[in-house]
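Okay, so here's the structure we're looking at.
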Amino acid sequence: MPVDVPKHLTSENQGRVVALDPGVRNFLTLFSENSFGWIGSGDIGKIQRLCYYLDDLISRLTLAKSKTKQRMKKAANRLRSKIRNLVDELHHKAALFLVKNFDVILLPTFEVSQMTTKSSRKLRSKSVRQMLNWAHYRFELFLKHKAAEYNKIVLDVCEAYTSKTVSWTGEILNNLGGKKVINR
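See below:
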């Protein structure tokens with residue numbers, strides 16, 4: 011039986027636009043007409059520590075006896091749930107912030123699966139794992155659901171040159187590397 015989700019039609023800010031840039035160090039970087047900021051800055055550290063602990067637990071699990079093995083499997087499942095819950099919490103808070111403060115959300119197509127295929131990637135395994143842990147596609151689906159609920163617009167746009175373009179001149183920097191900030 012389908013359930014109707016109530017739509018919130020009122021909004022204080024009409025016509026506000028925000029552009030998002032998904033990443034690994036910062037889950038999202040956002041740019042609007044008069045502000046910019048980061049969502050999930052530094053949060054990957056806690057998730058990464060939990061993943062390393064999970065790896066250690068799994069490697070110890072192979073050497074354990076049956077009773078201990080059962081407890082370790084339960085602990086591993088609890089860790090996986092904790093990681094998933096942390097990521098979901100960030101997704102939900104970010105989506106709610108975006109739909110409450112902006113009317114049009116420009117979200118680039120972020121093809122994580124293509125970036126992480128082993129044959130063609132230029133990323134280290136640590137970066138790949140962090141990118142997969144952020145679950146950008148799951149966030150995209152949730153954001154579109156929330157935007158429909160709040161009567162907002164999410165547009166899928168091309169992400170080409172978002173980081174390499176200098177915003178005040180339009181110049182493209184090919185040697186950007188891993189810089190966080192572009193200096194004038």
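Take the sequence shown: its letter number 160 is residue 170 in the working numbering, and every next letter is one higher. Note that beta-carbon positions come from the ideal geometry of N, C-alpha and C, so glycine has one too. This structure is a prediction, so every number in the text was calculated from the model and none was measured.
Selection from the options that minimises the alpha carbon distance to residue i
i      : options                           : result
Glu159 : Lys110, Ala86 and Asp98           : Lys110
Tyr63  : Ala85, Val34, Leu106 and Gln80    : Ala85
Gly55  : Trp144, Glu150 and Ile182         : Trp144
Phe46  : Arg148, Leu108, Lys156 and Phe120 : Leu108
Ile68  : Gly52, Arg88 and Asp53            : Arg88
Phe112 : Phe41, Val34 and Ile57            : Phe41
Val97  : Glu43, Tyr147 and Ala74           : Tyr147
Ala104 : Val34, Phe149, Asp65 and Gln80    : Phe149
Counted within 10 angstroms of its Cβ, other Cβ atoms place residue i as buried (16 or more) or exposed
i      : result
Val167 : exposed
Ile182 : exposed
Leu100 : buried
Glu43  : exposed
Residues near residue i by beta carbon distance below 6 Å, same chain, minus five either side
i     : result
Trp48 : Asn36 and Thr39
Ala29 : Phe41 and Leu116
Lys9  : What the structure shows of the chain is the stretch from 11 to 194, and residue 9 is not part of that stretch, so it cannot be assessed.
Distance CB(residue i)-CB(residue j) smaller than 8 Å
i     : j      : result
Val27 : Leu153 : no
Met2  : Arg90  : Shown here, the chain extends from 11 to 194; a query on residue 2 therefore has no answer.
Neighbourhood of residue i by C-beta, 8 Å cutoff - its chain only, sequence neighbours within 5 removed
i     : result
Lys92 : Leu60
Val13 : With a pLDDT of 49 at Val13, under the threshold of 50, the predicted position of this residue should be treated as unreliable, and no value is reported.
Asp53 : Phe37, Leu96 and Leu100
Contacting residues, own chain, Cβ-Cβ under 7 Å from residue i (five flanking each side not counted)
i      : result
Val164 : Ile115, Leu117, Leu153, Lys154 and Ala157
Ser51  : Asn36
Proximity test, Cβ basis, 8 Å: residue i and chain B
i      : result
His155 : Absence of chain B from the displayed structure is noted, only one protein chain being present.
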